[in-house]
Each structure stands twice: as C-alpha cells, then as structure tokens.
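Enquirer: This is the structure I want to talk about, given as structure tokens.
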Amino acid sequence: MEDVLQIKTVSKHFGGFTALSGVTLSVMRGERLGLIGPNGSGKTTLINCISGSLLNDEGDIHFKGEQISKLPAYQRTRRGISRSFQIPRPFRSMTVLENLLVPLSYVRGITGRQADEIAEDILKGMGLAYKMNAECSQLSQVELRKLELARAMAAKPELLISDEAMAGLAGAEIDEVLAILFSLNEQGITIIMIEHIMQAVMAFSQRVVCLDAGQIICEGTPKEVVANEYVQRAYLGD
Amino acid sequence: MRYWTACLVIVLGMSALAFSGINNYFFFAGFVVLQAVVLATAWNILGGYAGYVNFGVPAFFGAGAYMALFLHLALDAPLIVQILGAALLTGIIGLLVGLLTVRLRGIFFSIATVALIFIFETLVVNSRYLGGATGLQLTQPDAIFFDNYQRGLVVLMTVMAVIAVSLARYIQESHIGRGLRAVRDSEEAAECSGVPTLKLKLLACTVSCALLGAAGAPMPMYLSYIEPASTFNLLYAISALAMPIIGGMSHWIGPVIGALIIASLQQIVTVTISSELSVLVVGVLLVVFVVAAPDGIVGLVKRWKTSSK
Amino acid sequence: MIFSVDLLIEAVAFGILLGGFYAAVSLGLSVAFGLLDIPHVAHPAVLVLGAYGAYLLGTYGFDPIVAGLMLTPLFFALGAAFYRVYHFTFESRGDSAAVNGLAFFFGIVFIIEVLLVIFFGVDQRSAEAPYIGGSFVMGDMRLPYRLLVAFAVAIVLAAALSAYLSRTFYGRAIKAVGQDESALRLMGANPVKVKQLAFGIATGVNALAGAVLLIMAPVEPTMDRMYIGRTFCVVVLAGLGSMSGTIVAGLILGITESIVLMFFGTAWAPAVAFTLLLIMLAVRPQGLFGR
Numbered sequence: 525m526e527d528v529l530q531i532k533t534v535s536k537h538f539g540g541f542t543a544l545s546g547v548t549l550s551v552m553r554g555e556r557l558g559l560i561g562p563n564g565s566g567k568t569t570l571i572n573c574i575s576g577s578l579l580n581d582e583g584d585i586h587f588k589g590e591q592i593s594k595l596p597a598y599q600r601t602r603r604g605i606s607r608s609f610q611i612p613r614p615f616r617s618m619t620v621l622e623n624l625l626v627p628l629s630y631v632r633g634i635t636g637r638q639a640d641e642i643a644e645d646i647l648k649g650m651g652l653a654y655k656m657n658a659e660c661s662q663l664s665q666v667e668l669r670k671l672e673l674a675r676a677m678a679a680k681p682e683l684l685i686s687d688e689a690m691a692g693l694a695g696a697e698i699d700e701v702l703a704i705l706f707s708l709n710e711q712g713i714t715i716i717m718i719e720h721i722m723q724a725v726m727a728f729s730q731r732v733v734c735l736d737a738g739q740i741i742c743e744g745t746p747k748e749v750v751a752n753e754y755v756q757r758a759y760l761g762d
Numbered sequence: 017m018r019y020w021t022a023c024l025v026i027v028l029g030m031s032a033l034a035f036s037g038i039n040n041y042f043f044f045a046g047f048v049v050l051q052a053v054v055l056a057t058a059w060n061i062l063g064g065y066a067g068y069v070n071f072g073v074p075a076f077f078g079a080g081a082y083m084a085l086f087l088h089l090a091l092d093a094p095l096i097v098q099i100l101g102a103a104l105l106t107g108i109i110g111l112l113v114g115l116l117t118v119r120l121r122g123i124f125f126s127i128a129t130v131a132l133i134f135i136f137e138t139l140v141v142n143s144r145y146l147g148g149a150t151g152l153q154l155t156q157p158d159a160i161f162f163d164n165y166q167r168g169l170v171v172l173m174t175v176m177a178v179i180a181v182s183l184a185r186y187i188q189e190s191h192i193g194r195g196l197r198a199v200r201d202s203e204e205a206a207e208c209s210g211v212p213t214l215k216l217k218l219l220a221c222t223v224s225c226a227l228l229g230a231a232g233a234p235m236p237m238y239l240s241y242i243e244p245a246s247t248f249n250l251l252y253a254i255s256a257l258a259m260p261i262i263g264g265m266s267h268w269i270g271p272v273i274g275a276l277i278i279a280s281l282q283q284i285v286t287v288t289i290s291s292e293l294s295v296l297v298v299g300v301l302l303v304v305f306v307v308a309a310p311d312g313i314v315g316l317v318k319r320w321k322t323s324s325k
Numbered sequence: 002m003i004f005s006v007d008l009l010i011e012a013v014a015f016g017i018l019l020g021g022f023y024a025a026v027s028l029g030l031s032v033a034f035g036l037l038d039i040p041h042v043a044h045p046a047v048l049v050l051g052a053y054g055a056y057l058l059g060t061y062g063f064d065p066i067v068a069g070l071m072l073t074p075l076f077f078a079l080g081a082a083f084y085r086v087y088h089f090t091f092e093s094r095g096d097s098a099a100v101n102g103l104a105f106f107f108g109i110v111f112i113i114e115v116l117l118v119i120f121f122g123v124d125q126r127s128a129e130a131p132y133i134g135g136s137f138v139m140g141d142m143r144l145p146y147r148l149l150v151a152f153a154v155a156i157v158l159a160a161a162l163s164a165y166l167s168r169t170f171y172g173r174a175i176k177a178v179g180q181d182e183s184a185l186r187l188m189g190a191n192p193v194k195v196k197q198l199a200f201g202i203a204t205g206v207n208a209l210a211g212a213v214l215l216i217m218a219p220v221e222p223t224m225d226r227m228y229i230g231r232t233f234c235v236v237v238l239a240g241l242g243s244m245s246g247t248i249v250a251g252l253i254l255g256i257t258e259s260i261v262l263m264f265f266g267t268a269w270a271p272a273v274a275f276t277l278l279l280i281m282l283a284v285r286p287q288g289l290f291g292r
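Residue numbers (the working numbering), protein chains in the order written: chain D, 525 to 762; chain W, 17 to 325; chain U, 2 to 292.
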C-alpha cells in the first residue's frame, strides 16, 4: 500500500501565532482518514496547506511522490487533490450544472456536449440531477453540500478532502452525505474527512488523527483515539 | 453566424454612410459613440468579467494617444502601426499594474490606476517633445478613400468597435469567461477547481488595457491636435465605468447598450444645457443603477423575461 | 536646483508641518478604510465638501476652525446615515458586490464635485482669519501661521481619536469590528451599530479636517483629485488601522513632497504621493505599522 500523501514536519505561522507545528502525517492510497480536533486546533489550516490555499512555512508535502509544497492550488487540483469548503462556496452566478463545468474544463480539459453529460452523471450519482439547471440560491443546505462534493468530484481527484461537509445537517441528511462519501471511496478515492460529528467520524474512518493547538496529539483507530485521555482533555478542557 | 453578419452589415453600412452626403456632425457624434463602445467594452472585460474596477481609464486612453503621437513624430508611422504600438504599450502597463496589485485587494488595483492618471499626465506635461501642457498641432494626412480623413477614422472606429466587442464576446462565451466568472464568484473555490486565477486576472487586465490604449490612438489624428488636459480628462473615467454598469456587466451587449445610451445622453445634455450637468446625470444614473439595478439593463431585461413567462 | 543645507532644513520643517496636515486629512480614511474595510474613495470629496461648508459658514463670519467644529455633528449624523444605506445595499449582498461598492463611491465623488461646481462655481474660494497670511519667522525660515494651525489641529485630532479608540468601550469595539465580528457580538455590541458609529466619526472628523484644508489653501471643486493620492498614500503607508502610524506616514509624505517641491519644482510634487503609494504596494503592502 503506497502513501498517496506525505506531510513532513509542516509548520504554518500567522504573524506571531503558530497554527501548525511540526505536523507529520502519511495517508495511504484508498484510505478513509478522519481528522478531528477542537476549534482552532489547525485542522482547516492543515487542509489549506494540503490543497494549496495556503503555503506552508516549514516542512514538505509530497503527493504521489511529488513535492507540491510550492505549487499554487490550481496545479495541485490538476494533479488530483480536491476539496470541499466548510462554508459552501458555490459559483453563484452559475447554475448547478455549470458549477461542475469549471473543473471539467480547467482540470480535465473537457468541454461541450461531453462535459455536460459527465456533469449530469456526477449529479445523478449525488442525487442532485433534478436540480441540474437551478440557480445556487435555490438550493438547500444539504444540496449545497452535495454540490460542493459534486464539484470536487468533477475534477476526478485521487484525494478528496471533505471539510465538515455535514456541519449543521440533520440526521437523515448526515446519512445521505456519509453514503456519498462511502461510495466515492469505493471507487478508489482516498478521503480525508474533517468532522465534529463523532458518530460520522467513527462510522466512516479507518484511521483517525487528532489535532490540538497545531500538533498531532493522537493517531489510531477511531475507538483508540476517542478513548485517548489527551483527546478527551482537548475537547472537554482540563 | 448571425452575429458576424450583423457586424459586417454595421461596418459596410458605416462605410456607405461615409461616402454619402450626411453632414459632418453625424460623424463627430458617431466617432464619440463608437469610441465609447470600445472604452466600455474594454473596461468590462476587466471590470465585469474579472471584477477589477479600473478608475484610470484616462491614463491608458491618454497613454495610447500619446504613444500614437510619439510614433507619428518619431517614425512617421502609419495609423495602423500607431494603434498597434499604443495597444502594446498600454497592454504591458496593464500587465505590470496587474502584477503589482492583483494579489492584493481589488481597491488597491483601483487606486493604482488613479495613480497612473497623475503620473502619466505629469510625464506628458513635462515633455517638450510631446507638446507639454500646451499640446501640439498636427496635420492630418490626405484622405485615401473618403471625402475627408475624419470620415475614414469613423469607419476605422467602427471596425475597432467590432473587434473589441467580438473579443469580449469570445472571452465571455469561452471557458475563459467561465473561469473569470468563477474567480469573481469565489476565488478560492475557483483555484481549487483548477482555475489559474492569477493568470486569468492578468490576461483580462492586459487585454482590457491594450484595448483602452488602442481606443486612444486615433485621437491625435482625429482632432489634429492633442493636449494633456482633455486627453487625460477624468470624464472618461466615470463614463467608461458607468456605461457597462448601466448597460449590464454580465454580457458583452451590456457595454454596447450602455455606451449608446450614455454617450448619446452626454452629447444631448452637453449641447443643450452644460457639460457639468452631463457629468451629474451620468454620476446620478451610475449611483441609481448600482443601488437599484446592479445587473444593469441586461439584468432588468432578463428579469422581465423570466417574470413574463 | 541649488542644493544647500539651509534650504533642506527649511524644506524639512515645512514638510513636517505639511505632513501633520496630510495626517489630519487622512484620519477619517484610516478609520473608514483602515478599520472598517470600506472602499471609501469618496473620502477626499467629503473632505472638500467640509471645506466648502466651512467656507459657507465663514461668509457668516465664523472662523474656519469654529465652523469645522460646528459642522462636525452634522457630518457625523450624515456619515452614520450614509453607512446604513451602504451596509444594506452592499455589505449584506455578499462579496460579489465589491465592484458595485467601488463604483458607488466613485459615482458619489463625481456627484459631489459637480454639485460643488454648480453651487459654488469653479473659482477658488478662500477663508479669512487672523492666522491666515502671516508667518512665523525663525532664523532664516518663514513658517506660515496657517501651517502651524493645521499641524496643531492634526495633532490634537489624532491624539483624541487615538485615545478614544484605545480607551473607551466603543472605541475598542471599533478597532475590533474589522477583525473579529463574532467576538464583538459575544461582547454584546452590535457590529452594524459599531460600524455606523465609526463611519459617523470618520465623516465627522472630515468636517474639521475640511476646515483645516480651507485654512491651508483656497479650495476649488476638483481638488479632491489631488487628495485621493495623498490620503490613500498615508493610509497605506501607515498600515491599515493604525492611528499613530497615520501621523508618521503623514510626516513621511509631507517631508518627501516638500523636498521634491523645493528641489524639483511644482511639476513633480503631485506625483510624489502616488509614487510612494505604488512603491509601498510593491514592497510592503501591509504598511509600516499594519497588522
């Protein structure tokens, strides 16, 4: 099993504040990794460093064996890393379908009729096809989350990072999104999931990593991590 | 195909008119309106499609005019070379300003473009070769096809307007246009969807500024006279902004509609009342549209169409 | 160009006073743009409006500074009302309206300019006061009284504003609102009301700063164009949100302009502010003291 993503002693500072400190983590191809930690622990910063929205100050990030630490985000996406955003960021001037046409043309170079068909297929897989030509303002929360994932999928990623895709959703909706993530993983996509909803993390992840104050404090199976005293202290306070 | 037919009709139509006996004022007004179409369309490529507000249209327009003048004085260059030279210069300046400011917030790009107006005007005023503050008189070359040189320039402006609008249309309907819209809607999401945001913004900037310079290039020849105060006139700044916003920034036809309406309105008000009032009218219309109808006339038409279904 | 140390010293002294003036006229922008992130390119136009207001009151016999103080509450109220409109029209629409916000303020600039031309004409207007016209003679240098007055007002204004922002609850709320709205809500302050207060203050300051502008030199309707560069140069040089930085930045600009004016003539002086601005954006966009 090779490592698709290797993060070595990555640090990120914002002025005097250290968001990430010496984070080292490897992700295997096809793995389902859960990333947890209290608010402000650096989860989103780490994701931003992986996706390229931020550049790490120290350390290296390798993807499929290639050093990507200095690459701008769009080049990382073209190499196979996709992400969804914690607060959905759809392209509001475009319809649902058109949102997917952007990565289809810019990542995969597919336009025209073929692109429309592929986009429709992806939306069908997400259960969003009926809203294909809708404006983004007409979508509900869970539909927006699905659109985020659909758009990330349109880039045909090998690694998908889902940033709190289930935050604020109700029970049945959580199951819907979870099912989508499972099916994507079955297609061979490595998935890193950031979530606060513990049942989802436990159900989904093969391995869980917990961050606190910019450092990894625990790594292991979901059961191990949740039982870990450092993790409990991080979430509940001393 | 219908589009290109329409363009051909317009160019041929204008050429036919140029041969006819219509009085010269028609051509003067036509030149002003066509120039407005080019300026508005050029502005919108960066402003409407990419979301960067160029306050310094007079700087690029004036730089184009003075570059044309320079090429004429120094090399006796034909008009077409002047135009290309002007576009090249202003395109490069646009690229440099973009490189400087595009990583910062949009307002810094806008302020930098204002800076250019003052810097360029100061450079010209201090240059004896380019005429300084008092300006230069020029002799128009002999007219080739038409009765007088000015009519020929109006036909040229028509061609330039067609080129500008066609360029805007191409950008809008291609994946470049969609990429720019993605950048405008959410830059971060666009990057993560594979859009090279920096490159696209710089492309829009360069193309937009090159067109602005090209629009300015025929001015010295057209007026037989050039001087900095009117060339770097701030009026171009507000018009070039108001026309696309009022017309509608999302579609290439918006700046055309806006230019036709605003340029005509400006002419009418200036001639009947005063030029100050025409600025006031444009300013008020701009504010009203920005507040009440930000999608412009194009947006209003779209809404009317969907509500009457 | 004759270079002499005496001339240099005089240029620097003049520049310091000029710099104080530039700082005074930029304070409002420091609050509106530096702290609140509002693309207030109409700030110089409002400044000129304040100057004309002071002029108008001057025709009734009021001293410019007094006139400025009288106008401050009116400008404060107008600013607060204006912000309400701006907020509901633009800020609540989301960030794709950034183009519209900028265009809006640009439109306001031209409307103000033209209205001033229509009501006051294009001729220059000046104020009369005992301290306008005379100079303070120190050795070989002549320092115009009006510059000293402008400098004094600038220091007082900056000190007052700085103290308000760091020592009062609402002042600190204003400082915080640009950075962390949610924290502010937790503290019990309504971010929109705080921003309204801040914009009101920024506009009110412009009334007094406008009066100083009138004291400094005759005013005419298009002079706001000269000050777009200077005020934004000062605010960017200072670093967004730094009041004391505004004074330092103003001094830097004033001294630089004064030296250029002294040794290179009036032709290049207006370009100084813009050139400094561009250099700053290229080299250190967060300014000298910025966050």
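We treat Cβ as the ideally placed atom computed from N, Cα and C, and that holds for glycine.
Where does Asp92/W sit, in a helix, a strand or coil, going by DSSP?
Expert: DSSP places Asp92/W in coil when its eight states are reduced to three.
Enquirer: Could you check which residue in Leu595/D, Gln610/D and Met618/D has the C-alpha nearest to that of Leu693/D?
Expert: Closest option to Leu693/D, Cα to Cα, is Gln610/D.
Enquirer: Using a C-beta cutoff of 9 Å, does Pro74/W count as contacting chain D?
Expert: Not an interface residue.
Enquirer: Cβ closer than 8 Å: which chain A residues qualify as neighbours of Ala82/U?
Expert: The structure shown contains no chain A; its protein chains are D, W and U.
Enquirer: Could you give the uninterrupted runs of the alpha helix (DSSP H) lying entirely in the stretch 105-177 of chain U, keeping only those of 4 residues or more?
Expert: List check, alpha helix (DSSP H) in window: 146-168.
Enquirer: Are Leu668/D and Leu705/D closer than 9 Å when you measure CB to CB?
Expert: It is not a contact, given that the beta carbons lie outside the stated cut-off.
Enquirer: Run through chain W and tell me which residues come within less than 8 Å of Thr635/D, C-beta to C-beta.
Expert: Result: His191.
Enquirer: Let me know if Gly636/D comes out buried or exposed under the rule of 16 or more other beta-carbons within 10 Å of its beta-carbon.
Expert: Under this definition Gly636/D is an exposed residue.
Enquirer: Is there a Cβ of chain W sitting closer than 9 Å to that of Ile119/U, yes or no?
Expert: Taking Cβ atoms only, chain W reaches closer than 9 Å to Ile119/U, which makes this a yes.
Enquirer: Should Pro222/U and Val67/U be called a contact, given that it needs their Cβ atoms to be closer than 9 Å?
Expert: Against a cut-off of 9 Å, the Cβ pair of Val67/U and Pro222/U comes out as no contact.
Enquirer: Ordered along the chain, which non-local residues of its own chain (more than five positions away) have a Cβ less than 8 Å from that of Ala205/W?
Expert: For Ala205/W, where only same-chain residues beyond five positions count, the Cβ hits under 8 Å are Ala198.
Enquirer: Which of helix, strand or coil does DSSP assign to Leu30/U?
Expert: Three-state result, Leu30/U: helix.
Enquirer: Quick check on this structure: which residue in Gly274/W, Ala131/W, Asn39/W and Leu91/W has the alpha carbon closest to the alpha carbon of Phe248/W?
Expert: That would be Ala131/W, whose Cα lies nearest to the Cα of Phe248/W.
Enquirer: Which of the residues in the stretch 109-126 of chain W, read from start to end, lie with their CB under 7 Å from any CB of chain U?
Expert: Within the stretch 109-126 of chain W, the qualifying residues are Leu116, Thr117, Leu120, Gly122, Ile123, Phe124 and Ser126.
Enquirer: Using a Cβ cut-off of 9 Å (strictly closer), state whether Thr174/W contacts chain D.
Expert: For Thr174/W, the answer is no, since every Cβ of chain D falls outside 9 Å of its Cβ.
Enquirer: Locate the beta strand (DSSP E) running through His44/U, then write down its first and last residues.
Expert: Per DSSP, His44/U belongs to no beta strand (DSSP E); it is in the alpha helix (DSSP H), His44 to Gly59.
Enquirer: Hey, is Pro212/W's beta-carbon within less than 9 Å of any beta-carbon in chain D?
Expert: Closer than 9 Å to some Cβ of chain D, the Cβ of Pro212/W qualifies, so yes.
Enquirer: Determine, using beta carbons only, whether Lys536/D comes closer than 9 Å to chain W.
Expert: No, Lys536/D lies away from the interface with chain W (no Cβ there is under 9 Å from its Cβ).
Enquirer: To the nearest angstrom, how far is the alpha carbon of Arg18/W from that of Val110/U?
Expert: If you take the alpha carbons of Arg18/W and Val110/U, they lie about 41 Å apart.
Enquirer: Quick one: measure Cβ to Cβ for Gly205/U and Phe120/U, integer angstroms, because I've assumed they're closer than 8 Å.
Expert: Gly205/U to Phe120/U, Cβ: 22 Å. No contact.
Enquirer: DSSP three-state call for Asp311/W: helix, strand or coil?
Expert: Here Asp311/W sits in coil by DSSP.
Enquirer: List the residues of chain U that Ile135/W touches, going by C-beta distances under 8 Å, in chain order.
Expert: Here the neighbours are Ala272, Phe275 and Thr276.
Enquirer: Using a cut-off of 9 Å between C-beta atoms, extract the partners of Pro681/D located in chain W.
Expert: What Pro681/D touches in chain W: nothing, since even the nearest Cβ is about 10 Å away.
Enquirer: How is Ile585/D classed by DSSP in three states: helix, strand or coil?
Expert: Here Ile585/D sits in strand by DSSP.
Enquirer: With DSSP as the reference, please indicate the residues paired to Ile685/D in a beta bridge.
Expert: Per DSSP, Arg607/D and Ile716/D.
Enquirer: Which stretch, first to last residue, makes up the beta strand (DSSP E) that contains Glu743/D?
Expert: Per DSSP, Glu743/D belongs to the beta strand (DSSP E) from Gln739 to Gly744.
Enquirer: Under the rule that 16 or more other beta-carbon atoms within 10 Å means buried, what is Asn164/W, buried or exposed?
Expert: Exposed, by the Cβ-count rule.
Enquirer: For Pro310/W, decide whether its Cβ has a neighbour in chain U, counting only Cβ atoms nearer than 9 Å.
Expert: Yes, Pro310/W counts as interfacial toward chain U.
Enquirer: Give a yes or no on whether 9 Å exceeds the smallest Cβ distance from Leu289/U to chain W.
Expert: Closer than 9 Å: no.
Enquirer: So, helix, strand or coil for Phe615/D, using DSSP?
Expert: In this structure, Phe615/D counts as coil in the three-state DSSP scheme.
Enquirer: Would you say Cys208/W faces chain D, with C-beta separation under 9 Å as the test?
Expert: Yes, Cys208/W lies at the interface with chain D (some Cβ there is under 9 Å from its Cβ).
Enquirer: For a contact meaning CB atoms closer than 9 Å, what does Leu196/W contact in chain U?
Expert: Those within 9 Å of Leu196/W in chain U number zero; the least Cβ separation is about 12 Å.
Enquirer: Which residues, in chain order, does the stretch 273-302 of chain W contribute to contact with chain U at a C-beta distance below 8 Å?
Expert: Cβ contacts with chain U come from Glu292, Leu293, Val295, Leu296, Val298, Gly299, Val300 and Leu302.
Enquirer: Can you have a look at Arg144/W and say buried or exposed, based on whether 16 or more other CB atoms are within 10 angstroms of its CB?
Expert: With fewer than 16 Cβ atoms within 10 Å of its Cβ, Arg144/W is classed as exposed.
Enquirer: Drop a sphere of 10 angstroms on the beta-carbon of Pro157/W, count the other beta-carbons inside from all chains shown, and report buried for 16 or more, exposed for fewer.
Expert: Per the 10 Å Cβ criterion, exposed.
Enquirer: So if DSSP puts Val732/D in a beta bridge, which residue, or which two residues, is it bridged to?
Expert: Note: Val732/D sits in a beta bridge opposite Gly558/D and Gly744/D.
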